[in-house]
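Residue numbers (the working numbering), protein chains in the order written: chain R, 26 to 507; chain Z, 105 to 415.
We treat Cβ as the ideally placed atom computed from N, Cα and C, and that holds for glycine.
All remarks here apply to the structure that follows.
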């Protein structure tokens, strides 16, 4: 019951699934949390909110926006009310992601080798070959243990019917996991003792699991393979995450200029001369990795690293060429992949996707553009998209022209209304839309998903865009134990 | 350790040491400007920590507040304290996984302080001494954090050697510039204020008073600044500690790199140790200091070449 003033003022929205409330009642997974905060005085909640901000700033959990040559420190906005997922629901999500990842991984292996899925007519060859992220360089390259998707950050959203839908698979270099870890540590500071009392499953194993998987990829006969994290450097917006992960795993954080390829082996330049590198967890995109093979103007990569990889002398995580499975036009075929490779029915739903290269679907979308989201097939981060319900006629016209010119680069999806959850903003609880990004680790021993993830929040009232580059924030995500 | 990381933290230490040294010099010059405004000039400091053209120099030097703002806060002056701190912090950011969280937080605080309106107000319109002192305190906290929290590994070695090398350079430069600008009074020894300013600039005034019981003469000051082993800013003391920390690096070095540097550092330390200079011969002193400076720079270049992968 909404007896307390803080909860009382909260307005549920029609036709939106609310994570905490259901018809004026608090959902069971939130009850323990609500009973802990409902008697707190108003000032105490505000104090906690301020404490959280202070902790982020003083611990330097910031990203830097470079503006006119001068860096400005910003914190990734954090909301103190956690998002809570019950055990059974998590089991469903976990099984769904594992199934998807398994199928996508086989797809990548297949598409870069025999291409059975194309030969059997499940996916049109034109779709694959027209994808700019399909790397011909990766054809017939043997990757260790046949694993391509070591780390995936799968974006899930919940529609008004309460079902989870997969929005993106993020199989290239997904980021945000450091915020999952930091958000949890901040929550434990501002709500002392509440985590163990609420039976929340820990997320702290992530770095150990990742490190174990990385170590397993070293194929040189040494007891202690050298694992490094390759970062584009301090000007990258995710640099904080790179240093955090390197520190938590105790591995060297390198930049492209620290590495050198000699005789198809990768070495790093140390004060004691060259030292061979066995495994690279890279946070540099494919096209920048090797200027000899991909973009020649890249200063972030390492000349010759592709050849060393191809020879099997170094393991690169995630594998190159994963972008083809991330393509939003290929995305709509994932349920087919699951049926084709695994002979199973998909556990998680996918959003209906219209291919703009199909004339019928294109015309249909043009007619009802105000009910559609148009996305570029190869972009992420909330860039290159149009939300029909809030777009002006000029913006729609611009997209129509762009689509007609290059239909393969666009897809359309019906607008899914993201679920909402209460956020503590300006001293009151207000509904804001959220998504969920759990992080899956695929190693030689199988797939592990740390119970939790990054819940991203669209902090603008009514907004459906949760990306941090577009003014989104985040929440701690609790997965309850049995 | 990665060459780039070693290079980064070595320079981090150099920037911080340089900031501390220049702030102290500015502080003492400012005091002098208040004590004896008639025969005072900001020119030597402006030459040392900036690159103004002749016209700009003429326009600036008469206005103490402007001089201070230029030396300390000016974003367009590459040699300003502001830019040193900015650089130090950028370096710390790119080697964040090799320094402790405390060291990073000190630098972060320092950076936010030197950008703050409060310090700028104090330096421009309020009491500049308070502003400078507040900044220098951040420098001291940094040194303390390094001392207390950094593991004594290779990284600490580079951090300390960067600091000592920069300090030796600063001592050499401050001595040379002060001496050259006041050659007459330095030789006669009658005008004690100049010698006092010199000692203050090097943080050595108190120790000098204790050591020589208030007896000011140019030769004693020279001996003190060059050779006193208890004085943390004396040239000999910097160099002997530099050798000590360098020897610790042997296990983490390529043998040929180590030998090359060991020879250079050893030769330099002995060159200073067995030097005979006297206040009566300022030209010989000047030559000696310039030679020392060059050798220090050679050591820095050799570090870059043999340890930091610079070509």
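In the structure shown, residue 461 of chain R falls within a strand segment according to DSSP collapsed to helix, strand and coil.
Under the three-state reduction of DSSP output, residue 377 of chain R falls in the coil class, being neither helix nor strand. Interface flag for residue 306 of chain R against chain Z is unset, since no Cβ pair is found closer than 9 angstroms.
Cβ-Cβ separation between residue 467 of chain R and residue 175 of chain R: approximately 5 angstroms, consistent with a contact (criterion under 8 angstroms).
Between the region 353-365 of chain R and the region 250-266 of chain R, the count of Cβ pairs shorter than 8 angstroms is below three; the stretches do not touch. 271, 272, 277, 278, 279, 280, 282, 283: these are the residues of the region 271-283 of chain R whose beta carbon lies less than 8 angstroms from some beta carbon of chain Z, given in chain order. Membership of residue 135 of chain Z in the alpha helix (DSSP H) is indicated by the continuous run 107-139. DSSP places residue 292 of chain R inside the beta strand (DSSP E), whose first and last residues are 290-295.
Around the beta carbon of residue 437 of chain R, a 10 Å sphere encloses 16 or more other beta carbons of the protein chains shown; the residue is thus reported as buried.
Minimum Cα-Cα distance from residue 109 of chain Z among the listed residues R:283, R:114, R:327 corresponds to R:283.
Under the 10 Å beta carbon count, residue 171 of chain R is surrounded by fewer than 16 other beta carbons and is classified as exposed. Residues of the region 211-231 of chain R whose Cβ lies closer than 9 angstroms to any Cβ of chain Z: none.
The beta strand (DSSP E) runs lying completely inside the region 253-313 of chain R and spanning 3 residues or more are 277-279, 284-287, 290-295, 298-301, 304-307, given in chain order. Note on geometry: alpha-carbon atoms of residue 181 of chain R and residue 214 of chain Z lie some 42 angstroms from one another. The beta carbon of residue 220 of chain Z does not come within 9 angstroms of any beta carbon belonging to chain R, so the residue lies off that interface. As the crow flies, the alpha-carbon of residue 294 of chain R is around 11 angstroms from that of residue 286 of chain R. Residue contact check for residue 105 of chain Z against chain R: a CB pair falls below 9 angstroms. Taking the beta carbon of residue 417 of chain R as reference, no residue of chain Z falls within 8 angstroms; the closest one sits roughly 40 angstroms away.
Secondary structure note for residue 326 of chain Z: its alpha helix (DSSP H) is the uninterrupted segment 322-331.
Using a Cβ-Cβ cut-off of 9 angstroms, residue 358 of chain Z is close to 296, 297, 298 of chain R, given in chain order.
By the Cβ-count criterion, residue 408 of chain R is exposed, with fewer than 16 other Cβ atoms from all chains shown falling within 10 Å of its own Cβ. Shown here for residue 266 of chain R: same chain residues with a beta carbon closer than 6 angstroms to its own, the five before and five after excluded, namely 200, 203 in chain order. Runs of the alpha helix (DSSP H) lying entirely within the region 230-280 of chain Z, each at least 4 residues long, are 232-253 in chain order. Excluding sequence positions up to five before and after residue 349 of chain Z, its CB lies within less than 6 angstroms of the CB of 261, 264, 265, all in the same chain and listed in chain order. Under the 9 angstroms criterion on CB atoms, residue 410 of chain R is classed as non-interfacial with respect to chain Z.
Taking the Cα of residue 165 of chain R as reference, the smallest distance to any Cα among R:135, R:154, R:234 is reached at R:135. For residue 476 of chain R, the secondary structure class from DSSP, reduced to helix, strand or coil, is coil. Looking at the DSSP output, residue 400 of chain R shares a beta bridge with R:410, R:436. Beyond the five residues adjoining it in sequence on each side, residue 249 of chain R comes within less than 8 angstroms, by CB distance, of no other residue in the same chain.
The C-beta of residue 293 of chain R comes closer than 9 angstroms to at least one C-beta of chain Z. Contacts with chain Z at 9 angstroms (Cβ-Cβ) do not include residue 414 of chain R. Taking C-beta atoms as the reference points, residue 112 of chain R and residue 373 of chain R fail to come closer than 9 angstroms. By the Cβ criterion, the region 325-339 of chain Z is in contact with the region 303-311 of chain Z, since at least three pairs of Cβ atoms, one from each stretch, lie closer than 8 angstroms. By the C-beta criterion, the region 231-250 of chain Z is judged not to be in contact with the region 140-157 of chain Z, since fewer than 3 inter-stretch pairs fall below 8 angstroms. Fewer than three pairs of CB atoms, one per stretch, sit closer than 8 angstroms, so the region 131-148 of chain R makes no contact with the region 386-403 of chain R. Taking a Cβ-Cβ cut-off of 8 angstroms, residue 251 of chain R has no neighbours in chain Z, whose nearest Cβ is about 12 angstroms from it.
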